[in-house]
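Enquirer: Same order as they appear, the protein sequences are chains A and B. So for the first sequence, my numbering puts the first residue at 5; every next one is plus one. So for the second sequence, my numbering puts the first residue at 5; every next one is plus one. The structure is given below, and queries will be raised subsequently.
2 protein chains.
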Amino acid sequence: MAKKLRIVPLGGLGEIGKNMMVIEYGSKAIIIDTGIMFPENDMLGIDYIIPDFQYLQDRDDLDIQAIIITHGHEDHTGALVHVLEHFPAPVYATKLTMGLLEIKLKEAKLLDGADLHVFKAGDVLHFGPFKVETYHTTHSIPDCVGLGITTPAGLIVHTGDFKFDHTPVDNWPPDFAKLAEFGQRGVLLLLSDSTNADQPGWTPSETVIDEGFNRVFRDAKGRVLVATFASLISRIQQVANAAQRHNRKMAVTGYSMVENIKMATRLGYLDLPPDFIVPLEEAKRLPPNKIVIMSTGTQGEPSAVLSRLATGRHRQLDIKPGDTVIMSAHPIPGNEEPVSRTVNKLIQRGAHVIYHPLEEVHVSGHASREELKLMINLVRPQYFVPIHGELRHLTQHGLLAQSLGIPQDRIAVVENGTIVELKDGKMTVGERVPGGYVFVDGAGVGDVGRAVMRDREILARDGFVLAMLTLDAETGELLEGPELTSRGFVYIPESEDLFEDARQNIRRTLDKLDRSLSLQKRTERLESALKTLFHQETKRRPMIFVRIHEV
Amino acid sequence: MAKKLRIVPLGGLGEIGKNMMVIEYGSKAIIIDTGIMFPENDMLGIDYIIPDFQYLQDRDDLDIQAIIITHGHEDHTGALVHVLEHFPAPVYATKLTMGLLEIKLKEAKLLDGADLHVFKAGDVLHFGPFKVETYHTTHSIPDCVGLGITTPAGLIVHTGDFKFDHTPVDNWPPDFAKLAEFGQRGVLLLLSDSTNADQPGWTPSETVIDEGFNRVFRDAKGRVLVATFASLISRIQQVANAAQRHNRKMAVTGYSMVENIKMATRLGYLDLPPDFIVPLEEAKRLPPNKIVIMSTGTQGEPSAVLSRLATGRHRQLDIKPGDTVIMSAHPIPGNEEPVSRTVNKLIQRGAHVIYHPLEEVHVSGHASREELKLMINLVRPQYFVPIHGELRHLTQHGLLAQSLGIPQDRIAVVENGTIVELKDGKMTVGERVPGGYVFVDGAGVGDVGRAVMRDREILARDGFVLAMLTLDAETGELLEGPELTSRGFVYIPESEDLFEDARQNIRRTLDKLDRSLSLQKRTERLESALKTLFHQETKRRPMIFVRIHEV
Numbered sequence: 005m006a007k008k009l010r011i012v013p014l015g016g017l018g019e020i021g022k023n024m025m026v027i028e029y030g031s032k033a034i035i036i037d038t039g040i041m042f043p044e045n046d047m048l049g050i051d052y053i054i055p056d057f058q059y060l061q062d063r064d065d066l067d068i069q070a071i072i073i074t075h076g077h078e079d080h081t082g083a084l085v086h087v088l089e090h091f092p093a094p095v096y097a098t099k100l101t102m103g104l105l106e107i108k109l110k111e112a113k114l115l116d117g118a119d120l121h122v123f124k125a126g127d128v129l130h131f132g133p134f135k136v137e138t139y140h141t142t143h144s145i146p147d148c149v150g151l152g153i154t155t156p157a158g159l160i161v162h163t164g165d166f167k168f169d170h171t172p173v174d175n176w177p178p179d180f181a182k183l184a185e186f187g188q189r190g191v192l193l194l195l196s197d198s199t200n201a202d203q204p205g206w207t208p209s210e211t212v213i214d215e216g217f218n219r220v221f222r223d224a225k226g227r228v229l230v231a232t233f234a235s236l237i238s239r240i241q242q243v244a245n246a247a248q249r250h251n252r253k254m255a256v257t258g259y260s261m262v263e264n265i266k267m268a269t270r271l272g273y274l275d276l277p278p279d280f281i282v283p284l285e286e287a288k289r290l291p292p293n294k295i296v297i298m299s300t301g302t303q304g305e306p307s308a309v310l311s312r313l314a315t316g317r318h319r320q321l322d323i324k325p326g327d328t329v330i331m332s333a334h335p336i337p338g339n340e341e342p343v344s345r346t347v348n349k350l351i352q353r354g355a356h357v358i359y360h361p362l363e364e365v366h367v368s369g370h371a372s373r374e375e376l377k378l379m380i381n382l383v384r385p386q387y388f389v390p391i392h393g394e395l396r397h398l399t400q401h402g403l404l405a406q407s408l409g410i411p412q413d414r415i416a417v418v419e420n421g422t423i424v425e426l427k428d429g430k431m432t433v434g435e436r437v438p439g440g441y442v443f444v445d446g447a448g449v450g451d452v453g454r455a456v457m458r459d460r461e462i463l464a465r466d467g468f469v470l471a472m473l474t475l476d477a478e479t480g481e482l483l484e485g486p487e488l489t490s491r492g493f494v495y496i497p498e499s500e501d502l503f504e505d506a507r508q509n510i511r512r513t514l515d516k517l518d519r520s521l522s523l524q525k526r527t528e529r530l531e532s533a534l535k536t537l538f539h540q541e542t543k544r545r546p547m548i549f550v551r552i553h554e555v
Numbered sequence: 005m006a007k008k009l010r011i012v013p014l015g016g017l018g019e020i021g022k023n024m025m026v027i028e029y030g031s032k033a034i035i036i037d038t039g040i041m042f043p044e045n046d047m048l049g050i051d052y053i054i055p056d057f058q059y060l061q062d063r064d065d066l067d068i069q070a071i072i073i074t075h076g077h078e079d080h081t082g083a084l085v086h087v088l089e090h091f092p093a094p095v096y097a098t099k100l101t102m103g104l105l106e107i108k109l110k111e112a113k114l115l116d117g118a119d120l121h122v123f124k125a126g127d128v129l130h131f132g133p134f135k136v137e138t139y140h141t142t143h144s145i146p147d148c149v150g151l152g153i154t155t156p157a158g159l160i161v162h163t164g165d166f167k168f169d170h171t172p173v174d175n176w177p178p179d180f181a182k183l184a185e186f187g188q189r190g191v192l193l194l195l196s197d198s199t200n201a202d203q204p205g206w207t208p209s210e211t212v213i214d215e216g217f218n219r220v221f222r223d224a225k226g227r228v229l230v231a232t233f234a235s236l237i238s239r240i241q242q243v244a245n246a247a248q249r250h251n252r253k254m255a256v257t258g259y260s261m262v263e264n265i266k267m268a269t270r271l272g273y274l275d276l277p278p279d280f281i282v283p284l285e286e287a288k289r290l291p292p293n294k295i296v297i298m299s300t301g302t303q304g305e306p307s308a309v310l311s312r313l314a315t316g317r318h319r320q321l322d323i324k325p326g327d328t329v330i331m332s333a334h335p336i337p338g339n340e341e342p343v344s345r346t347v348n349k350l351i352q353r354g355a356h357v358i359y360h361p362l363e364e365v366h367v368s369g370h371a372s373r374e375e376l377k378l379m380i381n382l383v384r385p386q387y388f389v390p391i392h393g394e395l396r397h398l399t400q401h402g403l404l405a406q407s408l409g410i411p412q413d414r415i416a417v418v419e420n421g422t423i424v425e426l427k428d429g430k431m432t433v434g435e436r437v438p439g440g441y442v443f444v445d446g447a448g449v450g451d452v453g454r455a456v457m458r459d460r461e462i463l464a465r466d467g468f469v470l471a472m473l474t475l476d477a478e479t480g481e482l483l484e485g486p487e488l489t490s491r492g493f494v495y496i497p498e499s500e501d502l503f504e505d506a507r508q509n510i511r512r513t514l515d516k517l518d519r520s521l522s523l524q525k526r527t528e529r530l531e532s533a534l535k536t537l538f539h540q541e542t543k544r545r546p547m548i549f550v551r552i553h554e555v
């Protein structure tokens, strides 16, 4: 009897199947990507988020044959160290992607134990029942792949993150032939990137940025500083090309960017002439119009180089009037505010700041609607599952597939943790397993849940007040206190009256309290009285703690 | 001797002169607009922000002749109740703007004491040395004005919020003739809206939305729900027009929207046939394709109708499969995340959700670069001060003015609180006065400052831990405790080991402590030991409080 083929999108924050996906046939499985997400603004104190892979831990019958990483961005690579801790499977990636993974594994001291395999786009990999044909695709980082996965149930095409860039920075266009060949062979299921499924038209090629950079470099009188993601290797190449055309040398700030540039140069993904990169200290001695500085911080992250420059907190560098700063990345949704603030502060310090749409200094790395149509018509799948995007993007991608003639009942818009099953040439949407996310906060993985987050929300909004008092155990008389401690509630030096009211309120409530009540009951009464008083006086609801000590 | 004309932009959050501006000549002053801003994501617990008008309180020599409100949006009206409390000056506004102000004043029980004056665009108002010629302009709400203010120092043009809409919903285009006439007469200073100064081209007319609405209403099989701002009176008219063309009646949810529609209908700014508006309960009995529901909540605000519908928390309404929801507003920067979440949740409940760019259901109310050029060339000012926008927008607007031939030294890009002075036909940038903002949190105005906000940030990130213990005052021996209380730090049921470590850490530290140390010193040592322990174990930095009770 034929076994079931199961597709299990896991984790991520609204983004379906982006951070991690499991493909299983019988007891054999492969994992595609192991990424992290960054927390939303109301996930207070959380450093990052990893997929919840409890499902894999529950399926101890499952034999994980390989982890395949499609490209080197954080949202596809960042959770590898967490996944390997539980599932030390062999890892497969292209050369550049592996270079970026190795930097991460080294930092986590996991490099020695890891079983790493480099392949190149076009290679065919065999894992039990899966034949994985890798093919070259284009995105905003070089050396990306999509996957054609032949299974006993049929051929699945997984696009990875992609756009169809005819003129990528590395001159290596996507492998249209392979996609067309899949289409001719007959594709059971297409899993396709939906990030820009609500964007009309065709996403511009990475190389439109070259002209934008050229214009900015031509007009810049002083130093040029370009901020982008540390993993945007091809963007760094573009900056280097513009810098050379305008006789500037490059200095690099920030640990991750320095490491990534070293690695990419060593592996041949960056083509930089000798002596082109100079140390920051040397750059400071060169004439301002002879230098370009690369940095991170396009998302307004407070600890990144750019934010420190914007607020004058960088030890080696200052922003000076005459500097030109290029923001070569869009704000990730949710980061618009800190990004605007960074830009405004750089302007306050005298910098000329260039960002989209003032000049073409960034383009999206994801396919827009016309490209998505081309993908569907090249691959001509029987079934379609949109992936990589929020529910709203998947929905639009599903409607788009319908408009190309794929029947509605052959399209499944699913959320993380919903299993898609294929058997006897039929697709069904199966059971729901845990497919959410796990918070990583400091050294803790998953120890901050909803209860802690809710408390943080209350504390963040209105703070807390603690009242301590000592009572005579016999008479119930107030011997000491009440001593009040408060943080995050009101500005204490100006609220002495309010706190005096609170102390009197406690005394009055104590006087009226039945002394035969349990300590807990009396504590609750006092807390409730304080809650009422503070809300009446301030319309705020701080957390209230009363601690009674009886002697 | 000629007196100085002074322009003082006050308050606002990055947005210069938007929320409030003072124009003074000698001891006479007028105030233009009194608005609020909404807090940014990291201003924890703050309800809204009002301009800091300490400057006016310090200038008790100043005679405030009038408060002129240019249009009825919150960021120009919302702080009027706070300003009137300190400066009970007469208020001037057009009919619709005054209608919206009266609803606010009534809620604040300030309507009776207020001195309100309605004018219509084209009216000329006299306040001491100021002759104010009001002129009609277009934005995203009807009955907007700009101001030509003749002073002894010269003519100032203040654009208010504007775009040049040739086909506004109310068919009343902007008064180009008046602007051109100002230009011929000779304008000393132009103060112009910079919100979209980084957007190329020309902002589309409000009426492009009519076609968008028509397409959505034509295709909608079930109920249509349109979410927008309660003050977007012309958008409500457009929805009503589309609804009538498609034989739907309208139900309205939400207090502010119901009140605004009543007022605008009464004053003739909304043209709705009798029996067109039906109560929500009646709407629920009509066939789904006969109804459109208006609601607020386009910014993902948790308490607004749309968010409650998205999470199933509305008492009277449910979202059902087949419903179409139109998001007729852009997310204000910083709100992208909650808006996306609301959209995704509505889709989860089966709604078809329409938002920009899927369909033209919203356009900006502010002039883009080509319109800004037209404004400058109509008015042909000697001096130019860009207003209404963040520093980055003002900077771009300043560069744009330069590109039209205004010399750089006649353009002043200033921040809130920076006084611009005009005397003898010359503009100078003068002193800096307090021009920031004041937090309104619950019933408190300005009692939450940076210290409280910083505490809220720490609490929001890592929570707190409180340790209470009782010591023998003679021997220093531990008699009771340590009792630990913690919130927002770790999930307590799973962290018993950590808290037991903390208790042992306190005991060990106490054993080693010199008992002759003051109570405060010993408290500090214990707090510092706990801080180290928690950071080692969790990499988090909760607030730590140790409270020692000696008996």
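By construction, the Cβ of each residue, glycine as well, lies at the ideal position given by its N, Cα and C atoms. All values reported here derive from a predicted model rather than from experimental measurement.
Hey, does Asn348 of chain A have any beta-carbon neighbour from chain B nearer than 8 Å?
Expert: Translated into positions along the first sequence, residue 348 of chain A becomes position 344. Yes - at least one Cβ of chain B is within 8 Å of the one on Asn348 of chain A.
Enquirer: Is Val555 of chain A close to chain B? Criterion is C-beta to C-beta, closer than 8 Å.
Expert: By 1-based counting over the first sequence, the position of residue 555 of chain A is 551. Chain B, which has a Cβ nearer than 8 Å to the Cβ of Val555 of chain A, makes this yes.
Enquirer: List in chain order: all unbroken beta strand (DSSP E) runs of 3+ residues lying wholly within the segment 467 to 552 of chain A.
Expert: 468 to 475, 482 to 491
Enquirer: Helix, strand or coil: which one does DSSP assign to Ser196 of chain B?
Expert: Taking the second sequence and counting its residues from 1, the one referred to as residue 196 of chain B is at position 192. In the structure shown, Ser196 of chain B sits in a strand (DSSP, three-state: E or B).
Enquirer: Please name the residues in the segment 321 to 350 of chain B whose beta-carbon is closer than 7 Å to at least one beta-carbon of chain A, in chain order.
Expert: Using a CB distance below 7 Å, the part of the segment 321 to 350 of chain B facing chain A consists of Pro337, Gly338, Glu340, Glu341, Ser344, Val347, Asn348, ordered along the chain.
Enquirer: Against Met41 of chain B, what residues of chain A qualify as contacts under a CB-to-CB distance less than 8 Å, listed in chain order?
Expert: For the purposes of this step, residue 41 of chain B is identified with residue 37 of the second sequence, where counting begins at 1. Chain A residues near Met41 of chain B: none, gap ~12 Å exceeds 8 Å.
Enquirer: Of all the CB atoms in chain A, is at least one closer than 8 Å to the CB of Gly467 of chain B?
Expert: For the purposes of this step, residue 467 of chain B is identified with residue 463 of the second sequence, where counting begins at 1. Yes, Gly467 of chain B counts as interfacial toward chain A.
Enquirer: Which residue's Cα is closest to the Cα of Asp165 of chain A: A:Asn200, A:Glu285, A:Arg189, A:Glu286?
Expert: Translated into positions along the first sequence, residue 165 of chain A becomes position 161. Out of A:Asn200, A:Glu285, A:Arg189, A:Glu286, A:Asn200 has the C-alpha closest to the C-alpha of Asp165 of chain A.
Enquirer: Leaving out five residues before and five after Ser260 of chain B in sequence, what residues of the same chain have Cβ atoms less than 6 Å from its Cβ?
Expert: Sequence index remark: in the second sequence, residue 260 of chain B carries index 256 (1-based). Ala234, listed in sequence order.
Enquirer: Mind reading off the beta-carbon distance from Thr207 of chain A to Ser368 of chain A? Whole number of angstroms is fine, and I expect it under 8 Å.
Expert: If you number the first sequence from 1, residue 207 of chain A lands on position 203. If you number the first sequence from 1, residue 368 of chain A lands on position 364. Correct: roughly 5 Å between the Cβ atoms.
Enquirer: Taking a contact to mean a Cβ-Cβ separation below 8 Å, would you say Val149 of chain B touches Thr141 of chain B in this structure?
Expert: Locating residue 149 of chain B in the second sequence gives position 145, counting from the first residue. Locating residue 141 of chain B in the second sequence gives position 137, counting from the first residue. Their beta carbons are under 8 Å apart, which means Val149 of chain B touches Thr141 of chain B by this criterion.
Enquirer: Can you tell me where the beta strand (DSSP E) with Ile27 of chain B in it begins and where it stops?
Expert: To locate residue 27 of chain B, count along the second sequence from 1; it is residue 23. Following the DSSP letters along the chain, one finds Ile27 of chain B inside the beta strand (DSSP E) bounded by residues 24 to 29.
Enquirer: Looking only at DSSP bridge pairs, what is Val357 of chain A linked to?
Expert: Numbered from 1 along the first sequence, position 353 holds the residue referred to as residue 357 of chain A. Beta-bridge pairing links Val357 of chain A to A:Val329.
Enquirer: Tell me whether Val136 of chain B sits in a helix, a strand or coil according to DSSP, three-state version.
Expert: Here residue 136 of chain B refers to the residue found at position 132 of the second sequence. Val136 of chain B falls in the strand class under three-state DSSP.
Enquirer: Could you tell me the distance, in whole angstroms, from the CA atom of Pro306 of chain B to the CA atom of Phe42 of chain B?
Expert: Within the second sequence, numbered from 1, the residue matching residue 306 of chain B stands at position 302. Within the second sequence, numbered from 1, the residue matching residue 42 of chain B stands at position 38. The alpha-carbon atoms of Pro306 of chain B and Phe42 of chain B are separated by roughly 14 Å.
Enquirer: Determine which residues share a DSSP beta bridge with Asp67 of chain A and list them.
Expert: In the first sequence, counting from the first residue as 1, residue 67 of chain A sits at position 63. Answer by DSSP bridge pairing, in chain order: A:Lys32.
Enquirer: Quick one: does Phe549 of chain A have its CB under 8 Å from some CB of chain B?
Expert: Residue mapping note: residue 549 of chain A aligns to position 545 of the first sequence, counting from 1. Yes - at least one Cβ of chain B is within 8 Å of the one on Phe549 of chain A.
Enquirer: Please classify Thr81 of chain A: does DSSP put it in a helix, a strand, or coil?
Expert: Here residue 81 of chain A refers to the residue found at position 77 of the first sequence. Correct three-state label for Thr81 of chain A: helix.
Enquirer: Work out the CA separation of Leu120 of chain B and Gly74 of chain B for me, nearest whole Å.
Expert: Locating residue 74 of chain B in the second sequence gives position 70, where the first residue counts as 1. Locating residue 120 of chain B in the second sequence gives position 116, where the first residue counts as 1. The residue you asked about is not Gly; residue 74 of chain B is Thr in the sequence shown. Cα-Cα distance, rounded: 14 Å.
Enquirer: Please determine if the segment 318 to 337 of chain B and the segment 282 to 295 of chain B are in contact, where contact requires at least 3 C-beta pairs separated by less than 8 Å.
Expert: yes
Enquirer: For chain B, find out if any of its Cβ atoms is closer than 8 Å to the Cβ of Leu88 of chain A; answer yes or no.
Expert: Taking the first residue of the first sequence as 1, we reach residue 88 of chain A at position 84. Closer than 8 Å: no.
Enquirer: Just by C-beta distance, which residues in the segment 399 to 415 of chain A are closer than 8 Å to chain B?
Expert: Thr399, Gln400
Enquirer: Are at least three pairs of beta-carbons, each pair with one atom in the segment 354 to 371 of chain A and one in the segment 213 to 225 of chain A, less than 8 Å apart?
Expert: The segment 354 to 371 of chain A is in contact with the segment 213 to 225 of chain A.
Enquirer: How about Leu192 of chain B and Thr163 of chain B: are their beta carbons less than 8 Å apart?
Expert: One-based indexing of the second sequence puts residue 192 of chain B at position 188. One-based indexing of the second sequence puts residue 163 of chain B at position 159. Not a contact, by the Cβ cut-off of 8 Å.
Enquirer: Give a yes or no on whether the minimum CB-CB distance between Val365 of chain B and chain A is below 8 Å.
Expert: To locate residue 365 of chain B, count along the second sequence from 1; it is residue 361. Answer no: the Cβ-Cβ gap between Val365 of chain B and chain A never drops below 8 Å.
Enquirer: In the DSSP output, which residue or residues are listed as bridge partners for Met41 of chain B?
Expert: One-based indexing of the second sequence puts residue 41 of chain B at position 37. Per DSSP, B:Ile53.
Enquirer: Just to confirm my understanding: we take Ala255 of chain B, look at its own chain, exclude 5 residues before and 5 after, and list those with CB closer than 6 Å. What are they?
Expert: Within the second sequence, the letter at position 251 stands for residue 255 of chain B. The beta carbon of Ala255 of chain B is closer than 6 Å to those of Val282, Leu284, Ala287, Ile297 in its chain, skipping five residues each way along the sequence.
Enquirer: Smallest Cα separation from Val329 of chain A: which of A:Thr302, A:Leu530, A:Ala93?
Expert: Within the first sequence, numbered from 1, the residue matching residue 329 of chain A stands at position 325. When each option's Cα is compared against that of Val329 of chain A, the closest is A:Thr302.
Enquirer: So, does the CB of Pro361 of chain A fall closer than 8 Å to a CB anywhere in chain B?
Expert: Numbered from its first residue, the first sequence carries residue 361 of chain A at position 357. Output row for Pro361 of chain A: interface = yes.
Enquirer: Indicate whether at least one CB of chain D lies closer than 8 Å to the CB of Thr315 of chain A.
Expert: Structure shown: chain D not included; protein chains present are A and B.
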